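Visitor:
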Amino acid sequence: MTARLVGPVAFLALVAVGFLMFGASDSTGNKQLTPAETIAPYATNVAIPNIQITDAAGKETWLNKLRGPILITLWSGECPECKEGLKDIETFVKGNTQFKVMLVNHLQNPETANAVLKKNSVTLPTYFDHNGDAFRALSATMPASYYIIEGRIRYFFPGRISTEHLQALLTQ
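Going by my numbering, the first residue of the sequence shown is number 5, and it counts up by one from there.
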(Lines of atoms letter the chains of each structure in order from A; the text may use other names.)
(Lines give C-alpha, C1' and ligand atoms only; values in the text may rest on other atoms or scores of the structure.)
Protein backbone atom coordinates (compact mmCIF):
# COMPACT_ATOMS: atom_id res chain seq x y z
CA MET A 5 0.00 0.00 0.00
CA THR A 6 2.88 2.36 0.73
CA ALA A 7 4.16 1.91 -2.82
CA ARG A 8 0.79 3.06 -4.20
CA LEU A 9 1.00 6.34 -2.26
CA VAL A 10 4.50 7.31 -3.39
CA GLY A 11 3.33 8.73 -6.77
CA PRO A 12 0.46 10.91 -5.44
CA VAL A 13 2.49 12.12 -2.45
CA ALA A 14 5.42 13.04 -4.71
CA PHE A 15 3.04 14.92 -7.02
CA LEU A 16 1.51 16.86 -4.11
CA ALA A 17 4.97 17.68 -2.77
CA LEU A 18 5.97 19.00 -6.20
CA VAL A 19 2.84 21.15 -6.40
CA ALA A 20 3.51 22.53 -2.91
CA VAL A 21 7.11 23.41 -3.80
CA GLY A 22 5.93 25.09 -7.00
CA PHE A 23 3.37 27.12 -5.10
CA LEU A 24 5.96 28.22 -2.56
CA MET A 25 8.42 29.20 -5.27
CA PHE A 26 6.05 30.89 -7.70
CA GLY A 27 2.63 31.38 -6.13
CA ALA A 28 3.73 33.37 -3.10
CA SER A 29 6.03 35.65 -5.06
CA ASP A 30 5.34 39.18 -6.27
CA SER A 31 7.02 38.30 -9.57
CA THR A 32 3.84 36.83 -11.04
CA GLY A 33 3.04 39.93 -13.08
CA ASN A 34 0.34 41.19 -10.73
CA LYS A 35 2.38 44.27 -9.81
CA GLN A 36 0.43 47.52 -10.04
CA LEU A 37 2.02 49.71 -12.72
CA THR A 38 2.65 53.41 -12.25
CA PRO A 39 1.05 55.76 -14.82
CA ALA A 40 4.45 56.23 -16.50
CA GLU A 41 4.96 52.45 -16.71
CA THR A 42 1.46 52.03 -18.16
CA ILE A 43 2.19 54.19 -21.19
CA ALA A 44 5.96 53.67 -21.54
CA PRO A 45 5.58 51.03 -24.31
CA TYR A 46 3.76 53.64 -26.43
CA ALA A 47 6.37 56.41 -26.07
CA THR A 48 7.85 57.98 -29.17
CA ASN A 49 9.29 61.35 -30.14
CA VAL A 50 8.36 62.07 -33.74
CA ALA A 51 7.64 65.37 -35.46
CA ILE A 52 4.04 65.71 -36.61
CA PRO A 53 3.85 65.51 -40.40
CA ASN A 54 2.69 68.58 -42.30
CA ILE A 55 -0.92 67.44 -42.80
CA GLN A 56 -3.99 69.53 -43.53
CA ILE A 57 -7.38 68.60 -42.08
CA THR A 58 -10.64 70.58 -42.06
CA ASP A 59 -13.49 71.13 -39.65
CA ALA A 60 -17.15 70.63 -40.64
CA ALA A 61 -17.31 74.21 -41.98
CA GLY A 62 -14.28 73.63 -44.20
CA LYS A 63 -11.80 75.67 -42.12
CA GLU A 64 -8.29 74.28 -42.55
CA THR A 65 -6.02 73.22 -39.69
CA TRP A 66 -2.47 71.94 -40.01
CA LEU A 67 -1.51 69.14 -37.64
CA ASN A 68 2.13 70.22 -37.51
CA LYS A 69 1.02 73.57 -36.02
CA LEU A 70 -0.49 71.89 -32.94
CA ARG A 71 1.54 72.39 -29.78
CA GLY A 72 -0.53 70.36 -27.33
CA PRO A 73 -0.84 68.69 -25.06
CA ILE A 74 -3.68 67.22 -27.08
CA LEU A 75 -4.87 63.74 -28.02
CA ILE A 76 -5.62 63.22 -31.72
CA THR A 77 -7.72 60.15 -32.49
CA LEU A 78 -8.23 58.89 -36.05
CA TRP A 79 -11.51 57.08 -36.57
CA SER A 80 -14.12 55.98 -39.09
CA GLY A 81 -17.85 55.47 -38.69
CA GLU A 82 -17.47 52.10 -40.41
CA CYS A 83 -15.18 50.85 -37.63
CA PRO A 84 -17.05 49.33 -34.62
CA GLU A 85 -13.94 49.52 -32.42
CA CYS A 86 -13.63 53.22 -33.26
CA LYS A 87 -17.19 53.98 -32.16
CA GLU A 88 -16.72 52.19 -28.83
CA GLY A 89 -13.41 53.96 -28.27
CA LEU A 90 -14.94 57.38 -29.00
CA LYS A 91 -17.58 56.77 -26.33
CA ASP A 92 -14.82 55.93 -23.83
CA ILE A 93 -12.87 59.08 -24.72
CA GLU A 94 -16.03 61.21 -24.47
CA THR A 95 -16.81 59.83 -21.01
CA PHE A 96 -13.22 60.39 -19.86
CA VAL A 97 -13.09 63.99 -21.12
CA LYS A 98 -16.35 64.86 -19.36
CA GLY A 99 -14.68 63.95 -16.06
CA ASN A 100 -11.35 65.57 -16.95
CA THR A 101 -12.08 68.91 -18.59
CA GLN A 102 -8.38 69.88 -18.80
CA PHE A 103 -7.80 66.98 -21.22
CA LYS A 104 -7.91 68.22 -24.83
CA VAL A 105 -8.99 65.93 -27.68
CA MET A 106 -9.31 66.31 -31.43
CA LEU A 107 -11.06 63.61 -33.44
CA VAL A 108 -10.06 63.16 -37.08
CA ASN A 109 -12.50 61.26 -39.27
CA HIS A 110 -11.03 59.21 -42.10
CA LEU A 111 -12.60 59.65 -45.57
CA GLN A 112 -16.23 60.28 -44.57
CA ASN A 113 -18.20 63.39 -45.39
CA PRO A 114 -19.11 65.59 -42.41
CA GLU A 115 -22.81 64.72 -42.55
CA THR A 116 -22.17 60.97 -42.33
CA ALA A 117 -19.50 61.32 -39.64
CA ASN A 118 -21.58 63.73 -37.55
CA ALA A 119 -24.56 61.35 -37.73
CA VAL A 120 -22.36 58.57 -36.29
CA LEU A 121 -21.12 60.89 -33.54
CA LYS A 122 -24.66 61.99 -32.68
CA LYS A 123 -25.93 58.40 -32.59
CA ASN A 124 -23.12 57.54 -30.15
CA SER A 125 -23.54 60.75 -28.07
CA VAL A 126 -20.04 61.99 -28.89
CA THR A 127 -19.64 65.78 -28.84
CA LEU A 128 -15.85 66.13 -29.10
CA PRO A 129 -14.33 68.49 -31.71
CA THR A 130 -14.14 66.66 -35.02
CA TYR A 131 -12.04 67.31 -38.09
CA PHE A 132 -11.91 65.54 -41.42
CA ASP A 133 -9.20 63.79 -43.40
CA HIS A 134 -11.08 63.89 -46.71
CA ASN A 135 -8.37 62.41 -48.92
CA GLY A 136 -6.62 60.10 -46.42
CA ASP A 137 -3.40 62.14 -46.14
CA ALA A 138 -3.35 62.04 -42.33
CA PHE A 139 -4.02 58.31 -42.29
CA ARG A 140 -1.16 57.63 -44.73
CA ALA A 141 1.35 60.09 -43.25
CA LEU A 142 0.83 58.74 -39.73
CA SER A 143 0.86 55.10 -40.89
CA ALA A 144 -2.34 54.80 -38.92
CA THR A 145 -4.33 51.82 -37.82
CA MET A 146 -8.03 52.23 -37.19
CA PRO A 147 -8.57 53.56 -34.59
CA ALA A 148 -5.29 55.22 -33.61
CA SER A 149 -4.49 57.89 -31.03
CA TYR A 150 -1.52 60.26 -30.89
CA TYR A 151 -0.64 62.36 -27.86
CA ILE A 152 0.98 65.62 -28.93
CA ILE A 153 3.24 67.70 -26.69
CA GLU A 154 5.22 70.70 -28.00
CA GLY A 155 4.40 69.86 -31.60
CA ARG A 156 5.72 66.30 -31.40
CA ILE A 157 4.02 62.91 -31.16
CA ARG A 158 5.07 61.73 -27.69
CA TYR A 159 2.80 58.68 -27.46
CA PHE A 160 1.20 56.53 -30.16
CA PHE A 161 -1.62 54.14 -29.28
CA PRO A 162 -2.55 51.76 -32.13
CA GLY A 163 -6.08 50.50 -31.75
CA ARG A 164 -8.54 51.58 -29.11
CA ILE A 165 -6.99 53.66 -26.31
CA SER A 166 -7.90 52.49 -22.81
CA THR A 167 -9.16 54.58 -19.91
CA GLU A 168 -5.99 53.60 -18.01
CA HIS A 169 -3.87 55.08 -20.80
CA LEU A 170 -5.96 58.26 -20.86
CA GLN A 171 -5.58 58.60 -17.09
CA ALA A 172 -1.82 58.05 -17.34
CA LEU A 173 -1.52 60.78 -19.99
CA LEU A 174 -2.81 63.31 -17.45
CA THR A 175 0.45 62.87 -15.55
CA GLN A 176 2.59 63.82 -18.56
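Backbone N, C-alpha and C fix where the C-beta goes; we use that ideal spot for every residue, glycine too.
Just so it is clear, the structure is predicted and the values come from calculations on it, not from any experiment.
#1: Decide yes or no for the touch test of the stretch 76 to 86 against the stretch 139 to 147: beta carbon pairs closer than 8 Å, at least 3 of them.
#2: To the nearest angstrom, how far is it from the Cα of A172 to the Cα of F161?
#3: Taking the straight line between their C-alpha atoms, what separation do you get for G27 and L37?
#4: Can you give the Cα-Cα distance for Q102 and L170, rounded to whole angstroms?
#5: If R158 and T48 are in contact, beta carbons under 8 Å, what's the gap, nearest whole angstrom?
#6: Among L128, V108, I93 and Y151, whose alpha-carbon lies nearest the alpha-carbon of T58?
#7: By how many angstroms is the C-alpha of P114 removed from the C-alpha of R156?
#8: Going straight from the alpha carbon of K123 to that of L90, what length do you get?
Guide: Put simply:
#1: yes
#2: Going from the Cα of A172 to the Cα of F161 covers about 13 Å.
#3: Below a pLDDT of 50, predicted positions are generally treated as unreliable, and G27, at 47, falls in that range; no measurement from the model is reported.
#4: For Q102 and L170, the distance between alpha carbons rounds to 12 Å.
#5: 7 Å
#6: V108
#7: Answer to the nearest angstrom: the Cα atoms are 27 Å apart.
#8: C-alpha separation (whole angstroms): 12 Å.
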